[in-house]
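Trainee: Supplied in structure tokens, the structure appears directly below.
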Amino acid sequence: MSPNQVFPSAGRPLSPGAVALMLMLCLSWGFNQIAVKLALPDIPPFLQATIRSAGALPVLLIIGSLRGVKFFERDGTLGAGLLAGVLFGAEFVLIFHGLLLTSASRAVVFLYTAPFFVALGSYRILGERLRGSQWAGLALSFAGVALAIGVPQPDVDRSVLLGDLLIVGGGAMWGATTVIAKGTKLRLAAPEKALGYQVAISIPILAAAAWLSGETLTHMPGPLAISVVSYQAIWVVGLTFTMWFALVQSYSASKLSAFTFITPLFGVVGSYFIMHDQLTLTFGAAAVLVIAGLWLVNRPETIGQKVVPDPNVPA
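Be aware that the sequence shown starts at 1360, since it is given in our numbering, and climbs by one per residue.
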């Protein structure tokens, strides 16, 4: 997570424009797993992830340069940045392979177990105390994941379950990256630099995964595949994260974070209408448990200072 900086404007109530922008961001993040699935017929998973990172990096560099970020200044963040980048690359190796095996609706729910890994990591490694509601959220999340994976469902076989577990592993890597960013000097870096480490280092990792898997482009990708990969690289990684950081600096971080629990809901609904994913009552109940747990873990405290949250939360 980012440093516990207090901003004078953090107490401002959210304007209607900020609320609308947050809803748009959550909708964008919820659609991300669907975008990956839509491109898979034309672009294999690891190659797609490599292209996404390679496309996002110049966007981050341009935005950071315009904001005066000194990307190559020595500030003691190199070691932590390299470690975060390796975890980030491993995260997307697991996620993109998992999306070959499981549905987008299941993936978006399991990926958003990441905040629970962050909470556990902060408690075990960084010594942070968890509120009773956060422990309840962790329990609800675990129950939801156990229900979705453990209860037999007609459309779920061993392959789908393996994909689910890979996505949960990706969520764990995301959580580990967050704990690294919070507990090291990386928390002092500009958001574009912290994310730039991760995106840049993920490129050779993902490219190696594509090469080892023998992935190639067998034909020219169609307009849909090119569009959704561009959406991931330029819009999701390059731009929506920057919008998030701008909002965090202007409004209460805890109030903004409370919105993120609806991201999996957008993903599940979008997968149903776009990918025609089958939604069983069992999975619906599991999704409700995970989303409720996510809300409890991220629910803002009623007292205390507002702080800037983890820069990885939106991904």
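Backbone N, C-alpha and C define an ideal beta-carbon position, used for all residues, glycine too.
Quick one: grab the DSSP three-state call for Met1602.
Mentor: Looking at Met1602 - three-state DSSP - the assignment turns out to be helix.
Trainee: Compare the beta carbon distance of Ile1410 and Ile1402 with 8 Å and say whether it is the shorter of the two.
Mentor: Taking 8 Å as the Cβ cut-off, Ile1410 and Ile1402 qualify as a contacting pair.
Trainee: Looking at the structure shown, is Lys1732 part of a helix, part of a strand, or coil, going by DSSP?
Mentor: It is not possible to answer for residue 1732, since the shown part of the chain is limited to 1360 through 1674.
Trainee: Please list, in chain order, all residues of the same chain as Asp1453 whose beta carbon is under 8 Å from its beta carbon, the five residues on each side excluded.
Mentor: In the sequence as presented, Asp is not what sits at residue 1453; that position holds Leu. Closer than 8 Å at the Cβ level, and outside the excluded window around Leu1453, lie Leu1525, Ile1526, Gly1528, Gly1529, Met1532.
Trainee: With a 10 Å radius around its C-beta and 16 neighbouring C-beta atoms as the bar for buried, classify Phe1431 as buried or exposed.
Mentor: So Phe1431 ends up on the exposed side.
Trainee: In the structure shown, what three-state DSSP assignment does Pro1375 receive?
Mentor: The answer is helix: DSSP assigns Pro1375 an H, G or I state.
Trainee: Taking only the alpha-carbon atoms, compute the straight-line gap between Gly1629 and Leu1399 and give it to the nearest angstrom.
Mentor: Those two C-alpha atoms are separated by around 17 Å.
Trainee: Take Ile1306 and list the residues in its own chain whose beta-carbon comes closer than 6 Å to its own, dropping the five residues that flank it on each side.
Mentor: Any question about residue 1306 goes unanswered here, given that the chain covers just 1360 to 1674.
Trainee: Taking the alpha-carbon positions, what's the Leu1748 to Ser1387 distance?
Mentor: It is not possible to answer for residue 1748, since the shown part of the chain is limited to 1360 through 1674.
Trainee: Pick out whichever of Ala1535, Ser1412, Leu1446, Arg1465 has its Cα sitting closest to the Cα of Ala1473.
Mentor: Measuring from the Cα of Ala1473, the nearest candidate turns out to be Ala1535.
Trainee: One question on the structure: do Gly1522 and Leu1460 come within less than 8 Å of each other, judged by their Cβ atoms?
Mentor: Yes, these two residues count as a Cβ contact at 8 Å.
Trainee: Between Leu1648, Thr1436, Ala1569, which has its C-alpha nearest Phe1405's C-alpha?
Mentor: Ranking the options by Cα distance to Phe1405, first place goes to Ala1569.
Trainee: Among Val1428, His1578, Gln1493, Ala1507, which residue has its Cα nearest to the Cα of Phe1476?
Mentor: Checked all of Val1428, His1578, Gln1493, Ala1507; the closest Cα to Phe1476 is Gln1493.
Trainee: Grouping DSSP H, G and I as helix and E and B as strand, with all else coil, what is Arg1465?
Mentor: It is helical.
Trainee: Does DSSP classify Gly1435 as helix, strand or coil?
Mentor: It is coil, neither helix nor strand.
Trainee: Short check: CB of Gly1448 to CB of Glu1551, under 8 Å?
Mentor: Against a cut-off of 8 Å, the Cβ pair of Glu1551 and Gly1448 comes out as no contact.
Trainee: Count the other C-beta atoms from every protein chain shown that fall within 10 angstroms of the C-beta of Gly1581, then say buried if there are 16 or more, exposed otherwise.
Mentor: Exposed: under 16 other Cβ atoms inside 10 Å.
Trainee: Between which two residues does the alpha helix (DSSP H) harbouring Leu1571 extend?
Mentor: Per DSSP, Leu1571 belongs to the alpha helix (DSSP H) from 1550-1571.
Trainee: Tell me whether Lys1541 is buried or exposed, calling it buried when 16 or more other Cβ atoms sit within 10 Å of its Cβ.
Mentor: So Lys1541 ends up on the buried side.
Trainee: By the 10 Å Cβ neighbour count, where 16 or more other Cβ atoms means buried, how is Asp1514 classified, buried or exposed?
Mentor: That one is exposed.
Trainee: Taking only the alpha-carbon atoms, compute the straight-line gap between Leu1420 and Thr1639 and give it to the nearest angstrom.
Mentor: Going by the C-alpha atoms only, they are around 43 Å apart.
Trainee: Identify whether Arg1411 lies in helix, strand or coil by the three-state DSSP scheme.
Mentor: In this structure, Arg1411 counts as helix in the three-state DSSP scheme.
Trainee: Alpha carbon to alpha carbon, what distance is there between Ala1644 and Ala1495?
Mentor: Ala1495 and Ala1644: Cα-Cα distance of roughly 17 Å.
Trainee: Taking its Cβ as the centre, do 16 or more other Cβ atoms sit within 10 Å of Phe1451, making it buried, or is it exposed?
Mentor: Under this definition Phe1451 is a buried residue.
Trainee: Less than 8 Å between the CB atoms is what I'm expecting for Ile1564 and Val1445, so what's the real figure, rounded?
Mentor: Confirmed, Cβ separation roughly 7 Å.
Trainee: Could you say which of Phe1625, Leu1425, His1635 lies nearest to Asn1391 if we only look at CA atoms?
Mentor: Nearest C-alpha to Asn1391: Phe1625.
Trainee: Secondary structure at Pro1404, three-state DSSP: helix, strand or coil?
Mentor: Of the three classes helix, strand and coil, the one that applies to Pro1404 here is helix, per DSSP.
Trainee: Taking the alpha helix (DSSP H) that Leu1624 falls in, what are its first and last residues?
Mentor: Where Leu1624 is concerned, the enclosing alpha helix (DSSP H) stretches over 1622-1629.
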